[in-house]
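Asks: Chains as they are written, first to last, in my numbering: chain A, 134 to 320; chain B, -1 to 155.
Just dropping this structure here.
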C-alpha cells in the first residue's frame, strides 16, 4: 500500500505530462471544428445559377451518381483568400482533371460574374447562395471551404480555409488521391 | 445636473446593453422572440467560437439567428430547433456539451478529483489522529506520572 502511495505523485505527473504534451503540440489546432458531415450524405440543397451566367446551378442531385469523386468549393468575390485559392483550384481542374463545383456564397451576381470573367471560371456548375442558407446546410463557418464528395454523394473530406501553400495543397491532394483510390477499389 | 448624471450613466452602460440582435431580425410575437433569444444563448458562434450567437455580430451568427426564428415560426419546439442546428454543425455549437460517452471525462472529472482530494485529506487526518492515540499515555504510565508529581510536591513542601 505504502509503495503504491509513493508512486502516486509520479503517476499523476505522468498523466499531466501526457495531457500537456497533447495540448501544447504545435500541430494541434484548438480552434478547428470537427465536421459532422464527414461520411454523411451531402446535405439537401438546390441553388439556382448565378444570375446572367450560362454556368448551370447546383443541387444535391448533381453530387450523386458521379463516376469519380468531385470537389465542391464555397467561394465569394468579396473573399480575398478565395482569389489566391482560385489559381490553385484552376490548376487542379486543368492538370489533375478534377471536377469542380462551386457554391457562390452571399455574393452579388454582378460581382460574382465580374470576378469569374476576370479570373476565369474553372467551375462546372455554380449554385448562387444569396442568403447563405445552403451554407448553413453545409455547416460552413466561413469562406472558402472545400469538400470532396464521393461518386455516390457522400462527403469524404472538408478543408476549412483557402487551399493555398505547399502544406495545404499537399493535404488536399492526399485526400483527393485517397478518395479516388477508394472509388477505384469500390467499383 | 441630474440629467447630466443620467446621461453619463447611460453612456457608461451602453456597451453592456448593446445587442447583436437587430430589430429587423426580431419576431413580432414576444413569446416566440423570447424563446429564440433563449435558444440563441445556448448556441456557439462558429466564427467567434467562445461567443453565443445571440451576442455575436458575425454574418453566420446572424444567419443562424434568423434560422432559429424561422424554425420557431414554423412550429418547432426549442429542442427541435437546437437539434436542427446540431445536425449541421455538430455538438460543437452547443455551449453546454451533452452528457454522453465521449464527454464522460469532461463531466465526471471534477467529481473524481474531489473524491480523490477529499479521500486523501480524510486519510491523512485519520492517520494522524490514530498516531496521537498511540502516543497517549496508558493508565499505568498515568499512575507513574502522578506518583512522580506527588513526590515532587512532597519534597518541595
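Glycine included, C-beta positions come from ideal geometry on N, C-alpha and C.
1) With DSSP as the reference, label residue 273 of chain A as helix, strand or coil.
2) Go ahead and pull the three-state DSSP assignment for residue 39 of chain B.
3) Which word fits residue 225 of chain A, buried or exposed, when buried means at least 16 other C-beta atoms lie within 10 angstroms of its C-beta?
4) Within 8 Å, do at least three Cβ pairs link the region 263 to 270 of chain A to the region 167 to 185 of chain A?
5) Using a 10 Å radius around the Cβ and a threshold of 16 neighbouring Cβ atoms, would you call residue 235 of chain A buried or exposed?
6) Among A:220, A:281, A:250, which has the Cα closest to the Cα of residue 170 of chain A?
7) DSSP has residue 234 of chain A in a bridge; who is on the other side?
8) Could you check what DSSP says for residue 83 of chain B in three-state terms: helix, strand or coil?
9) Quick check on the burial criterion: 16 or more other C-beta atoms within 10 angstroms. Buried or exposed for residue 292 of chain A?
10) Can the beta-carbon of residue 58 of chain B be found less than 9 Å from the beta-carbon of residue 44 of chain B?
11) Using a 10 Å radius around the Cβ and a threshold of 16 neighbouring Cβ atoms, would you call residue 194 of chain A buried or exposed?
12) Which residues, taken in chain order from the region 149 to 176 of chain A, show a beta carbon closer than 9 Å to some beta carbon of chain B?
13) Measure the C-alpha to C-alpha separation of residue 190 of chain A and residue 159 of chain A and round it to an integer number of angstroms.
14) Using a Cβ distance threshold of 8 Å, determine whether the region 146 to 159 of chain A contacts the region 204 to 220 of chain A, with at least three qualifying pairs required.
15) Taking residue 102 of chain B as the query, report the chain A residues whose CB atoms sit under 8 Å from its CB, ordered along the chain.
16) Relative to the alpha-carbon of residue 217 of chain A, which residue among A:267, A:295, A:186 has its alpha-carbon at the smallest distance?
17) Straight-line CA distance for residue 27 of chain B to residue 197 of chain A?
Replies: Looking at the coordinates:
1) Position 140 of the first chain, counted from the start, is the residue given in the question as residue 273 of chain A. Residue 273 of chain A falls in the coil class under three-state DSSP.
2) Locating residue 39 of chain B in the second chain gives position 41, counting from the first residue. In this structure, residue 39 of chain B counts as helix in the three-state DSSP scheme.
3) Within the first chain, residue 225 of chain A is the residue found at index 92, counting from 1. Counting Cβ neighbours within 10 Å, residue 225 of chain A comes out buried, since at least 16 surround it.
4) yes
5) Your numbering for residue 235 of chain A matches position 102 in the first chain. Buried is the call here.
6) What you label residue 170 of chain A is simply residue 37 of the first chain in a count that begins at 1. For residue 170 of chain A, the nearest C-alpha among the options comes from A:281.
7) Stepping through the first chain from its first residue, residue 234 of chain A is reached at position 101. Answer is A:205, A:258.
8) Position 85 of the second chain holds residue 83 of chain B. Helix at residue 83 of chain B.
9) As a first step, residue 292 of chain A is located in the first chain; it is residue number 159 there, counting from the start. By the neighbour-count rule (16 or more Cβ atoms within 10 Å), residue 292 of chain A is buried.
10) The residue given as residue 58 of chain B occupies position 60 in the second chain. The residue given as residue 44 of chain B occupies position 46 in the second chain. Yes, these two residues count as a Cβ contact at 9 Å.
11) Residue mapping note: residue 194 of chain A aligns to position 61 of the first chain, counting from 1. Exposed is the call here.
12) 164, 166, 167, 168, 169, 170, 176
13) Taking the first residue of the first chain as 1, we reach residue 190 of chain A at position 57. Taking the first residue of the first chain as 1, we reach residue 159 of chain A at position 26. Taking the straight line joining both Cα atoms gives about 41 Å.
14) no
15) Here residue 102 of chain B refers to the residue found at position 104 of the second chain. None at all; the shortest Cβ gap to chain A is about 16 Å.
16) By one-based count along the first chain, residue 217 of chain A stands at place 84. Of the listed residues, the one whose Cα sits closest to residue 217 of chain A is A:295.
17) Here the question's residue 27 of chain B lines up with position 29 in the second chain. Here the question's residue 197 of chain A lines up with position 64 in the first chain. Straight-line Cα distance between these residues: approximately 41 Å.
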